[in-house]
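Here is the structure we will look at, set down as structure tokens.
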Amino acid sequence: MLIKEAEAVLDRTVREFGDLPHKRGETLGIQAQTELDGIRNLQVDKPAPEIAGLDIDGKPFKLSDSQGKVVVLAFWGDWCASCRSMYKDEQTLEERMRGRPFVLLGVNSDNDRDKLKERITKEGLTWRSWWDGDESVNKAGLIARRYNVDSWPTFYVIDHRGLIRHVFRNTPSVKTLNSVIDAAVEAVEREPDTRKNDGPG
Numbered sequence: 040m041l042i043k044e045a046e047a048v049l050d051r052t053v054r055e056f057g058d059l060p061h062k063r064g065e066t067l068g069i070q071a072q073t074e075l076d077g078i079r080n081l082q083v084d085k086p087a088p089e090i091a092g093l094d095i096d097g098k099p100f101k102l103s104d105s106q107g108k109v110v111v112l113a114f115w116g117d118w119c120a121s122c123r124s125m126y127k128d129e130q131t132l133e134e135r136m137r138g139r140p141f142v143l144l145g146v147n148s149d150n151d152r153d154k155l156k157e158r159i160t161k162e163g164l165t166w167r168s169w170w171d172g173d174e175s176v177n178k179a180g181l182i183a184r185r186y187n188v189d190s191w192p193t194f195y196v197i198d199h200r201g202l203i204r205h206v207f208r209n210t211p212s213v214k215t216l217n218s219v220i221d222a223a224v225e226a227v228e229r230e231p232d233t234r235k236n237d238g239p240g
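Letter by letter, the sequence shown follows residues 40 to 240 in the numbering used here.
Laid out in structure tokens, this is it:
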């Protein structure tokens, strides 16, 4: 019921107050529409919106490239102390999941790509990230806005079918995050591998 009420309020805001100025030079309508899209499209069991963009080295890749694997989508920035505090846990997660149907992908919001590359090398961060840097005060680039991210870090756990399974905003409990990831990966591993029957019969 509360979700329906929130939708109604946001929908009215878009229609009746959409042209009023808001933060970051946007209108109230744009902000309300972003929130409305988040309620309607970014819920558990909904398909994760496709991401197609350039990584930090300028090479293109897409979220759908990882279909068939559990994806942890980490919205992060080296400017964010809470994000930096997660580096070791993310490295441990990557090592622990090596060889399993899992991938950690980042969406980075730093503005200086060259400085960011230096930090990635220094910290030994090995997971691939889209570069979503933006000059706005709150660091939200186009990908972050599409995923309705306004706090860092934010983690989306996406299953092997591309459905959102969990959203963690701000610094999550590592134990809880790992528990959700383990359950999703184990669910993939329990499924029969239909590819074995794809050959000539």
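C-beta atoms are modelled at their ideal positions from N, C-alpha and C, and glycine is treated no differently. Keep in mind the model is a prediction, meaning the values are calculated, not measured.
Classify residue i as helix, strand or coil using the three-state DSSP reduction.
i, result
"Ala243", "Shown here, the chain extends from 40 to 240; a query on residue 243 therefore has no answer."
"Val196", "strand"
"Lys108", "coil"
"Leu132", "helix"
"Val219", "helix"
"Pro188", "Strictly speaking, residue 188 in this sequence is Val, with Pro absent from that position. The answer is coil: DSSP assigns Val188 none of H, G, I, E or B."
"Lys101", "strand"
So the beta strand (DSSP E) residue i belongs to, where does it begin and stop?
i, result
"Arg208", "Ile203 to Arg208"
"Thr165", "Per DSSP, Thr165 belongs to no beta strand (DSSP E) and is neither H nor E."
"Gly145", "Phe141 to Asn147"
Inspect the beta-carbon positions of residue i and residue j and report whether they are closer than 7 angstroms.
i, j, result
"Thr210", "Ser121", "yes"
"Ile197", "Val83", "no"
"Val188", "Val109", "no"
"His199", "Val219", "no"
Between which two residues does the alpha helix (DSSP H) holding residue i run?
i, result
"Ile182", "Leu181 to Arg185"
Return the chain-ordered list of same chain residues with a C-beta closer than 8 angstroms to the C-beta of residue i, the five sequence neighbours on each side being excluded.
i, result
"Thr165", "Gln130 and Glu133"
"Ser124", "Thr210"
Sorted by chain position, which residues of the same chain lie with C-beta nearer than 6 angstroms to residue i's C-beta, five sequence neighbours on each side aside?
i, result
"Lys85", "Ile203"
"Pro88", "Arg185"
Grab me the residues of residue i's own chain with a C-beta within less than 7 angstroms of its C-beta, minus the 5 sequence neighbours each way, in chain order.
i, result
"Asp26", "This structure leaves residue 26 out entirely; the chain is present only between 40 and 240."
"Lys101", "Glu89, Ile90 and Ala91"
Could you tell me whether the region 182-199 touches the region 145-159, using the rule of 3 or more Cβ pairs below 8 angstroms?
-> yes
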